[in-house]
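A short write-up of the structure that comes next.
2 protein chains.
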Amino acid sequence: MYVLYAAHMPDKVYECGLDAAIDVVGGKWKPMVLWALATCPRRFGALRRELPGVSEKVLTQQLRELERDGIVHRAVHEQVPPKVEYSLTPLGVTLERALAPLGEWGEQHLDHIVAVRGAG
Amino acid sequence: MYVLYAAHMPDKVYECGLDAAIDVVGGKWKPMVLWALATCPRRFGALRRELPGVSEKVLTQQLRELERDGIVHRAVHEQVPPKVEYSLTPLGVTLERALAPLGEWGEQHLDHIVAVRGAG
């Protein structure tokens, strides 16, 4: 295990690649944003309808963070009214693929997860 | 996308397997606990030394949740003083393997992640 200090962020220390990856994709909505955008680009409203329960404010914030991290691309098409579309960058595509096995694990063990958490 | 309601937990709704998996493994320390236990079983103190910065209280809580979720096994060996060891269950091994590609993605893109976050 190695420790990496980011010069500009003294509080930000990653112990390993997994720690860094989870920092990028962590939070309830980001993995699902990636999952939704993996099939095709989406406008904000369409994306929001795919993620039931997310507020406009939270989704905007998550998209901005993913854009800053180079995972999501925001394209503004000059037309009237302007059309804004979100899509995965090439880096975002690799992240979405790296998340796939975890998603499959969750699908396979969904009954178990619900059972242990329901009984807890 | 499907919506699953857990009967005993009306607030707990999983939109997909990935959502459920992240609920099990989410948080800063759980993936690293899995990573540490993947090589061999660990006593509490050894585990804590592998995770610099985690408090005793937080690590105890995370281990209890992982035990409840069937990911980690807590074995008490009857000796003086008693020896308590944590290890991955077979289910935990499958989860750790499903996380591996995400860890590899993080390793590969660590410089990028630090750069964009340092500059942000």
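Chains as they are written, first to last, in the numbering used here: chain S, 1 to 120; chain C, 121 to 240.
Glycine is no exception: its CB is placed at the ideal position from the N, C-alpha and C atoms.
Here the structure is a predicted model, which means the values were calculated and not measured.
- Taking the Cα of leucine 157 (chain C) as reference, the smallest distance to any Cα among C:Val200, C:Leu215 and C:Asp139 is reached at C:Leu215.
- CA-CA distance, alanine 115 (chain S) to histidine 109 (chain S), rounds to 10 Å.
- In the structure shown, histidine 232 (chain C) adopts helical secondary structure according to DSSP, grouped into three states.
- Taking CB atoms only, arginine 68 (chain S) has a neighbour in chain C less than 8 Å away.
- Here leucine 154 (chain C) is not bridged, per DSSP, to any residue.
- DSSP places glutamate 135 (chain C) in the coil class of the three-state scheme, outside both helix and strand.
- The distance from the Cβ of leucine 99 (chain S) to that of valine 54 (chain S) is about 18 Å, inconsistent with a contact at the 8 Å cut-off.
- Counting only residues of its own chain and dropping the five nearest sequence neighbours on each side, glutamate 67 (chain S) has a CB closer than 6 Å to the CB of Arg74.
- Put simply, the CB of valine 196 (chain C) is far from chain S, with every gap to its CB atoms at 8 Å or more.
- In the displayed model, leucine 66 (chain S) falls within a helix according to three-state DSSP.
- Beta-bridge pairing by DSSP links lysine 83 (chain S) to S:His77.
- A straight line joining the alpha-carbon of aspartate 23 (chain S) with that of glutamine 181 (chain C) spans about 21 Å.
- From the listed residues S:Asp19, S:Arg49, S:Glu15 and S:Tyr14, the smallest Cα separation to tryptophan 29 (chain S) is found for S:Arg49.
- Taking the Cβ atoms as the reference, glycine 92 (chain S) lies roughly 4 Å from isoleucine 71 (chain S), within the contact range of under 8 Å.
- Arginine 117 (chain S) is not a Cβ neighbour of glutamate 85 (chain S), given a cutoff of 8 Å.
- Here valine 174 (chain C) carries a coil assignment [DSSP, helix/strand/coil].
- Considering only C:Val178, C:Asp189, C:Arg184 and C:Ala140, the residue with the shortest C-alpha distance to proline 210 (chain C) is C:Asp189.
- For aspartate 139 (chain C), the closest C-alpha among the options S:Cys16, S:Trp35, S:Gln79 and S:His77 is that of S:Trp35.
- Rounded to whole angstroms, the separation of the alpha carbons of glutamate 176 (chain C) and glutamate 107 (chain S) is 32 Å.
- Rounded to the nearest whole angstrom, the CA to CA distance from tyrosine 14 (chain S) to glutamine 199 (chain C) is 37 Å.
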